[in-house]
Amino acid sequence: MANPFEKINQEQTPAMDDLSVLSSSYVPENFPHREQQIDSMVKSLSSIMRHGRASNLLLYGKSGTGKTSISRYVTQLLQEAGKGSIKVVYINCQITDSTYSILVYLVNSLSERDEERIPPMGWTLDRVYSELITRIGQMKKYIVVVLDEIDKLIEKNGGDSLYVILKASDDGKEANLSIIGITNYTSFADNLDARVRSRLNQESIIFQPYNATQLRDILKDRMGGIVSHTVVEDSALNLCAAIGAREHGDARKAIDLLRISMEIAIREGKSRVGEAEVYKARDKFETDVIKESIMALPLHSKIILLSVVLSQKFANRPAYTGEVYENYKRICEEISVQNLGFRRISEILSDLDDIGLIVSVTKSMGRGGRTRFIRVPDHIDSIEQHILEDEQLSTFKGVKLTKQEKLSGLEDESHQDIDDIFNSQRSD
DNA sequence: ACTCCACAGGAAAATTGGGGTA
DNA sequence: TACCCCAATTTTCCTGTGGAGT
């Protein structure tokens, strides 16, 4: 029996396409329209090579403006030039987002051997901290810590983490550590504690959004590295650039679109990528983003989202918190899961709103009370599908739903004005 | 002006669970 | 094994609030 994977492999071989240059993890060699930023970074970091201490750097710019790629690129060059005397530690603060986890991560990055690694939990913060100081002292290298999405740290615990890390850079015996912070928000430094700000914000570099022309240059540059039999029409390339430019000058989006368009063309056996493929790619992109964010959700968030979907469908209007909670409890009962309290549900609904999976508006109906009206903006059915793909929800067959028939002050038919509120919200 | 609904959201207590230590 | 420490997650308790009804 032929291996079905082999078959797929053979089917694709004639194309001989290698699109890895367009993948999100690829760090290119050329950064069109970013010469100035690279130059500033190199200048700032070059004092390390003269055995001095580099100033801490802050990189500002919207997503997809090259901050992460360029800092990876520059620090890699630095590491090579340092010939083993420089250690670069890259931390994504969205994932590693507490003082504790960052310190543990740092300590483990400075471990040469596995047995030196410390457990991700259990130690006291003090113990991890002094361990870090010891390691910094022992390490005869200059350490550069890149904190990507550094704003997430402030969001969570108001800058304490940053203070601790900065303190570690001073407490380390030779103080041979500097920090590169990366953030999406220009106002990031304003919210900082003064003692943290002065030390962190020693030098800042701004990454302006790319415009459509610049994005086109970037795409062309990347295309140069592609071995492909697929021809990308200029109009398609321009469209990718234009969509990226509309999204606050997002190069990542433009590149992703180009890659997906090419993948679509290849799969459909076409030799040219035109505007139609780009539009298809944009749709796929959107649904993929939704799917991924749903799959990453914890169980109870999924159940709540399911409850929102079902409540909304059942009542044929946006659902409100009380209803969602009632139906959520029923779903939990159905699948034999202990339900969470009301307060927590309220919080999870806010989270879902932040992610963008639901849209909610708080509205007061006078005596009818004040509540959030919640709606799943798009693709309701596919969202429901994705939720039900969860293993723990596989036993879910459906439940008897409830809806509040008459919310005092709100007739069932008068949800028209609520729709209006949603519509005006979305145009913000 | 005052009431009162049905929540929102802050603060603090309680629970959970990994990991260390005696 | 029993027990302590700690961080993270949830619950409990609470005060606050927009605006229709009175």
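The opening residue of the first sequence carries number 1359 in the working numbering; numbering runs sequentially from there.
Where is the CB? At the ideal position from N, CA and C, for every residue including glycine.
Whole-angstrom C-beta distance between residue j and residue i, which should lie under 8 Å
| i | j | result |
| --- | --- | --- |
| THR1454 | VAL1504 | No, THR1454 and VAL1504 are not in contact; Cβ-Cβ is about 12 Å, not under 8 Å. |
| ILE1716 | VAL1666 | 6 Å |
| ALA1603 | ILE1576 | The Cβ separation is near 11 Å, so there is no contact. |
| TYR1637 | ILE1662 | Not really, about 33 Å apart at Cβ, beyond 8 Å. |
| ILE1741 | ILE1624 | Between ILE1624 and ILE1741 the Cβ distance is about 28 Å, and since that is not below 8 Å, they are no contact. |
| ILE1508 | THR1541 | 5 Å |
| THR1588 | MET1620 | 6 Å |
| VAL1385 | ILE1444 | Rounded, the Cβ-Cβ distance is 18 Å, inconsistent with contact. |
| LEU1707 | ILE1732 | 7 Å |
Residue i, buried or exposed, once every other Cβ within 10 Å from all chains shown has been counted against 16
| i | result |
| --- | --- |
| PRO1656 | exposed |
| SER1427 | buried |
| PRO1676 | buried |
| LYS1660 | buried |
| LEU1511 | buried |
| THR1457 | buried |
| ASP1788 | Outside the modelled stretch of the chain, which goes from 1359 to 1786, sits residue 1788, for which no answer is possible. |
| GLN1394 | exposed |
| GLU1681 | buried |
| ALA1654 | exposed |
| GLN1670 | buried |
| THR1679 | buried |
| SER1694 | exposed |
Neighbourhood of residue i by C-beta, 7 Å cutoff - its chain only, sequence neighbours within 5 removed
| i | result |
| --- | --- |
| SER1402 | ALA1412, SER1413, LEU1415 and GLU1561 |
| LYS1425 | LEU1417, GLY1419, ILE1540 and PHE1565 |
| ILE1460 | ILE1449, THR1454, SER1519 and ILE1523 |
| ILE1396 | PHE1389, ILE1428 and VAL1432 |
| ARG1493 | VAL1465 and LEU1468 |
| LYS1649 | HIS1744 |
| TYR1463 | ILE1449 and THR1454 |
| LEU1746 | PHE1754 |
| SER1794 | The chain is shown from 1359 up to 1786; residue 1794 falls before or after that span and cannot be answered. |
| ARG1475 | ASN1466 and SER1469 |
| ALA1639 | LEU1615, ILE1618, SER1619 and ILE1622 |
| GLU1605 | LYS1611 |
Straight-line gap, residue i to residue j (C-alpha atoms, nearest Å)
| i | j | result |
| --- | --- | --- |
| LEU1668 | LEU1759 | 8 Å |
| ASN1697 | GLY1583 | 53 Å |
| ASP1646 | HIS1737 | 12 Å |
| ALA1547 | ARG1430 | 22 Å |
| LEU1765 | HIS1744 | Any answer about LEU1765 is weak, because its pLDDT of 49 lies below 50 and its placement is not dependable; what the coordinates show is given next. Whole-angstrom Cα-Cα distance: 31 Å. |
| SER1382 | GLY1422 | 10 Å |
| ILE1491 | ASN1559 | 23 Å |
| ALA1600 | PRO1735 | 25 Å |
| ARG1553 | LYS1525 | 10 Å |
| ILE1703 | ALA1673 | 20 Å |
| ALA1612 | ARG1485 | 45 Å |
| SER1378 | SER1527 | 37 Å |
| ASP1641 | LEU1435 | 38 Å |
| PRO1567 | GLY1607 | 5 Å |
| LYS1499 | GLN1437 | 11 Å |
| SER1545 | ARG1555 | 12 Å |
| MET1497 | ARG1557 | 23 Å |
| ARG1701 | GLU1644 | 31 Å |
| ILE1713 | LYS1441 | 43 Å |
| GLU1626 | ARG1580 | 23 Å |
| ASP1709 | GLU1591 | 41 Å |
| VAL1719 | GLU1489 | 48 Å |
| LEU1573 | GLU1387 | 16 Å |
| GLN1593 | HIS1391 | A quick correction: the sequence has Ser, not Gln, at residue 1593. Between SER1593 and HIS1391, the C-alpha separation is close to 22 Å. |
Close Cβ partners of residue i (< 6 Å) along its chain, the five nearest in sequence each way excluded
| i | result |
| --- | --- |
| SER1399 | The sequence given here places Met at residue 1399; Ser does not occur at that position. The answer, listed in chain order, is VAL1432. |
| TYR1543 | ASP1509 |
Same chain, Cβ closer than 8 Å to residue i, five either side skipped, listed in chain order
| i | result |
| --- | --- |
| ARG1688 | VAL1757, LYS1758, LEU1759 and THR1760 |
| LYS1578 | LEU1595 |
| LYS1628 | THR1588 and GLU1635 |
Counting Cβ pairs, one atom from each stretch, are 3 or more of them under 8 Å apart for the segment 1443–1451 and the segment 1628–1640? no
Pairing CB atoms from the segment 1410–1427 with CB atoms from the segment 1534–1542, are three or more of them under 8 Å? yes
Quick one: any contact between the segment 1475–1493 and the segment 1400–1407, if contact means 3 or more CB pairs under 8 Å? no
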